[in-house]
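Data first, discussion second: the structure below is written as structure tokens.
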Amino acid sequence: MTRDTDDNDTGGGDSKLPGRDDILGYLRDHPGPVSVSELARAFKVKGKDRTALRIALREATQEGLIQADARRKFSSRETMPSVTVLEITGPDPDGELLARPVRWPTDKPVPRIFVAPARGTVDTLATGERILAQLTADPDGGYDAKVLRRLGRAPTEIIGVFARERNRTVIQPTDRRAKYSYGVQARHTHGAEPGDLVRARVLAERSGTLRMAEVTERLGGLKDPGAIGLIALHSNDIPIEFPPAALDEANTARPPSLAGREDIRTLPLVTIDDEDARDFDDAVFAERDDAPDNRGGFRLTVAIADVANYVAPGGALDRAAAKRGNSVYLPDRVVPMLPEALSNDLCSLRPHEDRAVLACHMRIDATGDLIDHRFSRALMRSAARLTYRIAQAAFESGDDSLLPDGLSRSTVETLYAAYDVLAKSRLRRGTLELELPEHKVTIEDGKVSHIGLRTRLTSHRLIEEFMITANVAAAEALEAKRAPCMYRVHPTPDAAKLEALRDFLDTFGLSLPRGQVTRASAFAPILAHAAKEANAEVIHEAILRSQSQAFYSTKNAGHFGLALRRYAHFTSPIRRYADLLVHRALIGAYDLGPGGIGREAAVEMESLGESLSTAERRAVSAEREAMDRYMALYLSERTGTRMKGRITGVTRFGLFVRLQGLGADGLVPMGLLGDERFHHDERRHCIDGARTGKSFTLGDDVEVEIRDADAITGSLTLAITRHWPLKRTKRPATPHKKHKPAGAARKGPPKRGRKRHKPKVRP
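All the letters of the sequence shown, read from the start, carry residue numbers 261 to 1023 under this note's numbering.
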């Protein structure tokens, strides 16, 4: 489609042919099909230009951008009805609630739909719930949805605290989105006492305006140690108990023999883990390669617990592991994917005990590139169990006394030497190097006894690089045999998110190259610059939020963050079912004995990819919720205290602030920002006061007062007491067009603009 920019005087006024974007925008915003005459009137097209308009419409139709009905009326293929049924898909990283159409063509990208805030509605909408909504198009190609009516699905089951209030018995839900309690009649309490944590079934009946529920299970007292972990697990439907048949299979497993295995028991393999690690599923070894054609290179061995030796495909244990998908790690407990008879015993690579492993033997050159690999089923005996701190201290000090008996310092030094060349390869690839603080919460007797930052040492990076290299080798090996593979896929970032990131970085004087970012290395100059500034953490966080979510799939699409063309999880089959599938595929492809799978398993693996990705997100949600609740429990005794923090999220309903030194995130509701109306500027990631011009921006330092901390829901309410705007490197100002006064005449076709629902100041 071409644009004619010449004015054509056809006897009666100016006539100007609209451009492609003008036509598409008009059709997208218009509630129904539009005729050529209506378009001509809207854009004041006259005379011979009407023929050009018809040609432009025909070309756009042929290109599939618009559609024409039998009456030759045109409409956008992207147009949504003005009123339609939506399904809530959950919040985005900034807390904005998103939805998708219930009916939408499978061959078209799903439009981005924001659910506009409405008192008593948005905060209680659950993922999967359907709403009838009125849609308004925005200039970014998405929509704002105003809730007209909730259609369901209301929760059928709840987790909550049994309590008495105002002479009635109720259940207070632990879900922070639930804004009301449920009543319980005496015959439905099933022996629950005030303070008990219960599971309940929601009933159809009501008592006045109060919805009713029936207790189905008592989960213990709210003040009992471990109650908060139980809330997180139950609210995310994470299985806790193993079926008896699965436990029987695990308990009858026996130590392996050498039959059919390579004997690598003399190889000084070591495990390196955290001090509080309970299972050790990977061991490493490195030696210099003496091959003349690989000077400066290394031979690496990564030995991984042979879980496939004990978990047969299709058995009770296998079904239980597949349902769990992965282990879940909470501050007060671990919910393992496999029973402890395996995860903490036969599949744990304890020092000086024979263990069955699947070993990855690799050769890397002097630049850290993987040049050769092979896999074997083997029997190993760990030479030592090291922690990250001990390994680091022994390497840096050269003190042999820090190492367990029988382990030489040269073994550790060679590991670090091999890591140095692997790090070169990582640097050359241009991986996405995001450094964000990670907090560790220590729980004693159900309460937080300590909160501290996890220290990231070179020893952590060493193990990470050895594991990444083995994961790449596994993917390459399966591709070489054309065997099914469960890839770990990390897609390139979404274009809309990158555009928002560019706007944000621009406020710091940083620029991200325009056009599609196809390599993680594009972020390297930004991160290098940010490392020298006080705003480094804010920039790292913003880049992290712009990234796509990784998932499991049998279709390879590469790993953007690691800058790898192929990648599969191989190194932790104790705690990830995807890794067990990769083990089985390798065993089948290379004929390494029983327990393998062949190409016939590809279809089943494809369906498993989605369920494993869902299970991973479920585990992450439980871990985050447990952390939030423990933080709220810790701060519940400190209401009124003032603490320093930083704004980490800006939404239409308030600000999210992360407390300094704790990592706890709290909400500053819009109503606590001041006695004026505030406007949310999505592009600049800020909230501006309409009267004072006061502005709160992502990354600003603040002092806050703790107003409320609820351990039941994990919610933390804060109020800002002091504010220090973050210093930014200013670019030359770009002149902005002045706003026209209300009621001013507009020339030309109507311009589209995003209609934002201004948040109301709440008392």
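For glycine and all other residues, C-beta sits at the position ideal for the given N, C-alpha and C.
Cβ-Cβ separation between His-699 and Gly-923: approximately 4 Å, consistent with a contact (criterion under 8 Å).
The Cβ atoms of Arg-280 and Ala-397 do not sit closer than 7 Å to each other. Gly-350 places its beta carbon 7 Å or farther from that of Pro-371. Glu-547 and Val-672 have their C-alpha atoms some 10 Å from each other. Taking 7 Å as the cut-off, the Cβ atoms of Leu-822 and Thr-691 count as close. Going by DSSP, His-750 is part of no alpha helix (DSSP H) at all; its letter is neither H nor E. Assigned with DSSP and collapsed to three states, Thr-901 falls in coil, not helix or strand. DSSP, read as helix, strand or coil, puts Gly-848 in helix.
Pairing Gln-920 with Leu-976, the inter-Cα distance amounts to about 14 Å.
Inclusion of Val-475 and Thr-449 in the CB contact set at 7 Å is warranted, their separation being smaller than that value.
Apart from sequence neighbours up to five positions away, the residues of its chain that approach Phe-502 with a beta-carbon distance below 6 Å are Ala-580 and Pro-599, ordered along the chain. For Phe-830, no pairing in a beta bridge is given by DSSP.
Beta-carbon to beta-carbon, Ala-405 and Leu-346 are separated by about 6 Å, close enough to satisfy the 8 Å threshold.
Burial check for Thr-874: the Cβ neighbour count within 10 Å stays below 16, so the residue is exposed.
Excluding its 5 nearest sequence neighbours in each direction, Leu-915 has C-beta neighbours in its own chain below 8 Å: Ile-907, Gly-909, Leu-927, Val-928, Leu-933, Ile-947, Phe-956 and Ile-980, listed in chain order. Counting other Cβ atoms within 10 Å of its Cβ, Asn-427 stays below 16 and is therefore classed as exposed. Linking Ser-881 to Glu-465 through their CA atoms gives a straight-line distance of about 31 Å. In the three-state scheme derived from DSSP, where H, G and I count as helix and E and B as strand, Val-672 is classed as helix. When Cβ pairs closer than 8 Å are counted between the two stretches, the region 589-607 is seen not to touch the region 523-533, the count staying below three. Counted as a single uninterrupted DSSP element, the stretch harbouring Glu-698 is not any beta strand (DSSP E), since DSSP gives it neither H nor E. When only Cα atoms are considered, Val-749 and Glu-866 end up about 13 Å apart.
Pairing Phe-635 with Tyr-850 gives a Cβ-Cβ distance under 7 Å.
Residue nearest to Ile-857 within the set Arg-982, Gly-574 and Ala-788 is Gly-574 (criterion: CA-CA distance). Nearest in C-alpha terms to Leu-529, of all of Met-472, Leu-852 and Gly-666, is Gly-666. Looking from the CA of Gly-853, the closest CA among Ser-467, Gly-355, Ala-616 and Ile-500 belongs to Ala-616.
If you ignore the 5 residues before and after Asp-970, its C-beta comes within less than 7 Å of the C-beta of Ala-892, all in its own chain and listed in chain order. DSSP places Met-622 within a strand segment (E or B) once states are collapsed to three. The shortest C-alpha to C-alpha distance from Leu-606 to any of Glu-656, Ala-565, Arg-623 and Leu-787 is the one to Ala-565. Counting along the chain, no beta strand (DSSP E) covers Ala-576; the unbroken alpha helix (DSSP H) around it starts and ends at 576-584.
Residue pairing of Ile-373 in beta bridges, as defined by DSSP: Ala-359 and Tyr-403. For Ser-873, the enclosing alpha helix (DSSP H) covers residues 862-895. Closest in C-alpha terms to Arg-390, from the list Arg-409, Ile-373, Gly-900 and Ala-376, comes Arg-409. By the 16-neighbour rule on beta-carbons within 10 angstroms, Pro-278 is buried.
Taking all protein chains shown into account, Val-863 has fewer than 16 neighbouring C-beta atoms within 10 Å of its C-beta and is therefore exposed.
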